[in-house]
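J.: Residue numbers (this note's numbering): 67 to 572. The beta-carbon is built from N, C-alpha and C at its ideal position, and this holds for glycine as well. From a predicted model like this one, the values you see are computed outputs, not experimental measurements.
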């Protein structure tokens, strides 16, 4: 085993990429193994740290991990940088140890959040006036180090809540070599436009953009426009600021214009939108290679002209459609216009236009015969359409059932009727079932349902959002888990935490 050639070892070690303990043990086998493992460990050294959240307490164990990592990184600071930081009263962790490897050159991923956590939680710096300059100076010297030593960076994550980097990376020595092949960028659109203009001078190979707090930043628009081939775009709103309403109503004219240049190459598009985003229909009509589309309305109660979103047939290769806070009527129109072979449809937190729930089910079985995962929103009068869906869509593997409110009073949807229908009409491919909101089941029907499911693929069950009926029958669950009818059961307090939703998202 210790005599395997390097190519084989690299393949094995890359399979252990997320297993820090096993990779560390491989370091100790011999020098050859050690030399092969080190670049893999340092390629994305941040993956072994928990993603930090603002104001979240950091555990002592994690603080020690940060200290250990930055103790190594700071060893590579040139003497000029060390002296500069000492003169700014920055007490960095330094030793006279000589590293066995130049670890910095193997780094292919940089995350501002972890740098800020170290500076804030361990060095004690913040954006406040007293230590703001020290934070500025520390980040300056650290990014100088990275730009000058990290060749061909793959991933740059500059997003951490309201903290924005205030340095022009393109001006640091080595930046062009470091960033010219950047593949993925995550950042806050509220960064100063000059930051993006600077990146646009040296980056033209970014394949994936993840942009938080999206606004119509002209620098970001320029950076998007000059890329050779963007395939993945994820634009999101997460602002809690006072101007939130105005912020959510941004027309994104410059961003939309820049994105039009890349419509033909897009493979995945995720966008929070409002009624002013008139560029969306153009993007969809020209995204002939789009495979995954996620649309979320910024303001749930806002009335949207559906032609802004979609007018003509589009997206011949689309297989996954995710919709949030939209009306059922808009969901129907999008499904009807999509020319692709939809396999996954998720519709969540919808505007409940009750009269269209049955039409939504009908639209699916008329247009998506190969559907595998779907969210069904229904009321008691929709069982005939559901039966048609189960009969015609025999590739279904998973369904999330959401009940709907009829009128001002909450009417429980007949869960007993649903279970009987699933036994009689669903195909043997179905095994993932989720029930959310207001369903009415009784013990005997549940017992009969599980008993009749014997011989089929073991069930993955989930309940949540005001619907915890299975929690009342732990003995029933254990009974059918013991004989393999139920593989697992989970209760989620919120629909968003659904394991099955994550199946559709991936």
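Contact defined as beta carbons within less than 8 Å: I believe residue 378 pairs with residue 402. What is the distance between those atoms, to the nearest angstrom?
T.: No, residue 378 and residue 402 are not in contact; Cβ-Cβ is about 11 Å, not under 8 Å.
J.: Would you mind reading off the limits of the alpha helix (DSSP H) that contains residue 100?
T.: From DSSP, the alpha helix (DSSP H) with residue 100 extends over 97 to 109.
J.: Indicate whether residue 481 and residue 506 have their beta-carbon atoms separated by less than 8 Å.
T.: In contact: residue 481 and residue 506 (Cβ atoms closer than 8 Å).
J.: Based on the DSSP output, what are the partners of residue 254 in its beta bridges?
T.: According to DSSP, residue 254 bridges with 278.
J.: Assuming contact is defined by CB atoms lying nearer than 8 Å, are residue 204 and residue 234 in contact in what I supplied?
T.: Cβ atoms of residue 204 and residue 234: not closer than 8 Å.
J.: By the three-class DSSP mapping on this structure, what secondary structure does residue 244 have?
T.: Three-state result, residue 244: helix.
J.: Taking C-beta to C-beta, are residue 345 and residue 364 nearer than 8 Å?
T.: Not closer than 8 Å, so no.
J.: Within the same chain, show all residues whose beta-carbon is closer than 6 Å to that of residue 129, passing over the 5 residues directly before and after it, in chain order.
T.: For residue 129, where only same-chain residues beyond five positions count, there are no Cβ hits under 6 Å.
J.: What are the residues that DSSP puts in a beta bridge with residue 130?
T.: For residue 130, which the question treats as bridged, DSSP gives no partner whatsoever.
J.: On the premise that residue 442 lies in contact with residue 21, defined as a C-beta separation below 8 Å, what is that separation, rounded to the nearest angstrom?
T.: Given that the chain is displayed from residue 67 to residue 572, the structure contains no residue 21 and the question cannot be resolved.
J.: Does DSSP classify residue 87 as helix, strand or coil?
T.: DSSP places residue 87 in helix when its eight states are reduced to three.
J.: Can you list, in chain order, the residues of its chain whose CB lies under 6 Å from that of residue 358, leaving out five sequence neighbours each side?
T.: Closer than 6 Å at Cβ, skipping near neighbours: 334, 386.
J.: State the beta-bridge partners of residue 551 as determined by DSSP.
T.: Residue 551 is not bridged to any residue.
J.: Does the count of Cβ pairs from the stretch 485 to 492 and the stretch 424 to 441 closer than 8 Å reach three?
T.: Segments in contact, no.
J.: From residue 292 to residue 327, what does the alpha carbon distance come to, in whole angstroms?
T.: One C-alpha to the other measures close to 9 Å.
J.: Counting along the chain, where does the alpha helix (DSSP H) carrying residue 514 start and finish?
T.: Segment 509 to 518, the alpha helix (DSSP H) holding residue 514.
J.: Here's the rule I'm using: 16 or more other beta-carbon atoms within 10 Å means buried, otherwise exposed. How should residue 157 be labelled?
T.: Classification for residue 157: exposed.
J.: Do you know whose CA, among 354, 301, 134, 347, lies nearest residue 375's CA?
T.: Residue 347 is the option with its Cα nearest to residue 375.
J.: Give the C-beta separation of residue 516 and residue 468 to the nearest angstrom, bearing in mind that I take them to be a contact with Cβ-Cβ under 8 Å.
T.: Residue 516 to residue 468, Cβ: 22 Å. No contact.
J.: Scan the stretch 127 to 202 and note each continuous beta strand (DSSP E) run of 3 residues or more that stays entirely inside, going in chain order.
T.: 175 to 177, all fully within the stretch 127 to 202.
J.: Where does residue 339 fall in DSSP's three states?
T.: If DSSP states are grouped into helix, strand and coil, residue 339 belongs with the strands.
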